[in-house]
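Numbering follows our numbering, with no gaps: position 260 of the sequence shown is 266. Ideal Cβ placement from N, Cα and C applies to all residues, glycine included. As structure tokens, the structure follows; a few thoughts come after it.
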Amino acid sequence: MSAVLVSPQELREALDNKRVCLLDVRWALGDPDGPQHYLDGHIPGAVFVDLETELATPPSPARGRHPLPDVTQLEKCARSWGMATGDPVVVYDATGGLAAARAWWLLRWAGVADVRILDGGLPAWVRMGEPIATGAEPDPEPGDVELRPGHLPVADADAVARWRGVLLDARATERYRGDHEPIDPRAGHIPGASSAPTTQNLDAEGRFRSADELHDRFAAFGPGPVAVYCGSGVTAAHQIAALAVAGIEATLYPGSWSQWSNDPKRPVATGA
Numbered sequence: 007m008s009a010v011l012v013s014p015q016e017l018r019e020a021l022d023n024k025r026v027c028l029l030d031v032r033w034a035l036g037d038p039d040g041p042q043h044y045l046d047g048h049i050p051g052a053v054f055v056d057l058e059t060e061l062a063t064p065p066s067p068a069r070g071r072h073p074l075p076d077v078t079q080l081e082k083c084a085r086s087w088g089m090a091t092g093d094p095v096v097v098y099d100a101t102g103g104l105a106a107a108r109a110w111w112l113l114r115w116a117g118v119a120d121v122r123i124l125d126g127g128l129p130a131w132v133r134m135g136e137p138i139a140t141g142a143e144p145d146p147e148p149g150d151v152e153l154r155p156g157h158l159p160v161a162d163a164d165a166v167a168r169w170r171g172v173l174l175d176a177r178a179t180e181r182y183r184g185d186h187e188p189i190d191p192r193a194g195h196i197p198g199a200s201s202a203p204t205t206q207n208l209d210a211e212g213r214f215r216s217a218d219e220l221h222d223r224f225a226a227f228g229p230g231p232v233a234v235y236c237g238s239g240v241t242a243a244h245q246i247a248a249l250a251v252a253g254i255e256a257t258l259y260p261g262s263w264s265q266w267s268n269d270p271k272r273p274v275a276t277g278a
């Protein structure tokens, strides 16, 4: 078991032998049906977590599409999920961790030491022949976890503008180049950023690539401290998880492109 990931086999053993706070974080851009996907089938005992309302505050041009939640509100949500002090936490989705990594990052940022992403997510659990539950789970007993911010590094737009190191853009390459922009007001990328699509962290089955493969991938971008952004700070968390698998610490720019592109004072680059 790595410090970031847990395999389906390891999760099964953990569920059999100790208390685990298991969170279903199914979300995808343009797909508002995460709660229904959960009801249609989830890992037994999992609690559904709504990324839009529990892992972010309301969007604004000034802060981006998924601003970080207030830690007091995050703590309230975590207790409602049944999270107790010292509990190991496992998060999963059905898209290779692209959404679940937001919960992984936020909880680590807020001081929860043992948080893992289920490698391969729900599809890997199903492929192993493990059971699936449908419908709603009983409400968990409220937890007593205490959260405090600041345990992982973040950068604001000003810090990113003068970043001296490696700045990775985790969006699809065509959005980085500015070929088209389906969501945000301007197309392109932050000047000086390198294109590093998050999806390339995964293999064909939606599992994270090996630590050596990921280390080689990120080493190719050059030396120096690493910062990551995406469209709204969600899939950038997945990139930070992949960097952590490779043994590389990275800083999140939470506002990401949705904040940067809404500020007319910020320069925009296009092309490769």
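(request) Helix, strand or coil for CYS27, going by three-state DSSP, please let me know. (result) Correct three-state label for CYS27: strand.
(request) Measure the alpha-carbon distance for LEU174 versus SER201 and round it to whole angstroms. (result) One C-alpha to the other measures close to 6 Å.
(request) Could you say if the stretch 123 to 137 and the stretch 59 to 71 meet the contact criterion of at least three C-beta pairs nearer than 8 Å? (result) Because the criterion of three Cβ pairs below 8 Å is not met, the stretch 123 to 137 and the stretch 59 to 71 do not touch.
(message) According to DSSP, simplified to helix, strand and coil, what is VAL274?
(response) Here VAL274 sits in coil by DSSP.
(request) Please name the residue in ARG192, GLN206, LEU104 whose C-alpha comes closest to that of ARG181. (result) Answer by Cα proximity: ARG192.
(message) When you compare the stretch 220 to 237 with the stretch 124 to 132, are there three or more beta-carbon pairs, one atom per stretch, that lie closer than 8 Å?
(response) With the cut-off at 8 Å, the stretch 220 to 237 and the stretch 124 to 132 do not touch.
(message) Assuming contact is defined by CB atoms lying nearer than 7 Å, are PHE214 and ALA252 in contact in what I supplied?
(response) ALA252 sits away from PHE214, with the two beta carbons spaced by 7 Å or more.
(message) Is it the case that the stretch 86 to 102 contacts the stretch 113 to 123, given that we only count it when at least three CB pairs across the two stretches are under 8 Å?
(response) The answer is yes - the stretch 86 to 102 touches the stretch 113 to 123, with three or more Cβ pairs under 8 Å.
(message) Between ARG114, VAL172, ARG272, which has its C-alpha nearest PRO229's C-alpha?
(response) Measuring from the Cα of PRO229, the nearest candidate turns out to be VAL172.
(message) Taking CB distances under 7 Å as the criterion, tell me whether VAL251 reaches chain B.
(response) Among the chains of the structure shown, chain B does not appear; only one protein chain is present.
(request) Between the Cα of ASP145 and those of ALA20, SER13, SER267, LEU29, spot the shortest distance and give me the residue it belongs to. (result) Taking only the C-alpha atoms, the option nearest ASP145 is LEU29.
(request) Give the DSSP-derived three-state secondary structure of PHE54 in the structure shown. (result) Three-state DSSP puts PHE54 in a strand.
(message) Give me, in chain order, the residues of the same chain whose beta-carbon lies closer than 6 Å to that of GLY47; leave out the 5 immediate sequence neighbours on both sides.
(response) A distance below 6 Å between beta-carbons, with the five flanking residues on each side excluded, links GLY47 to the following residues of its chain, in chain order: ILE138, THR140.
(message) For MET7, which residues in the same chain have their Cβ closer than 6 Å to its Cβ, ignoring the five residues on either side in sequence?
(response) Caution applies to MET7, whose pLDDT of 40 falls short of 50 and renders its modelled position unreliable; the model cannot decide the point.
(request) For SER262, count neighbouring C-beta atoms within 10 Å of its own C-beta (all shown protein chains included) and say buried if the count is 16 or more, exposed if not. (result) That one is buried.
(request) Note down, in chain order, each residue of its chain lying with its Cβ closer than 6 Å to the Cβ of GLY51, except the 5 sequence neighbours on either side. (result) Within the same chain, GLY51 has close Cβ partners LEU28.
(request) Can you have a look at SER216 and say buried or exposed, based on whether 16 or more other CB atoms are within 10 angstroms of its CB? (result) Counting Cβ neighbours within 10 Å, SER216 comes out exposed, since fewer than 16 surround it.
(request) Could you work out which residue in THR276, SER238, ALA248 is closest to TYR259 when comparing CA atoms only? (result) The closest CA to that of TYR259, considering only THR276, SER238, ALA248, is found on SER238.
(request) Indicate whether ALA275 and HIS195 have their beta-carbon atoms separated by less than 7 Å. (result) Cβ atoms of ALA275 and HIS195: closer than 7 Å.
(request) Starting from LEU158, follow the beta strand (DSSP E) in both directions and report where the run begins and ends. (result) Taken as a continuous stretch (DSSP letters only), LEU158 belongs to no beta strand (DSSP E), as it is neither H nor E.
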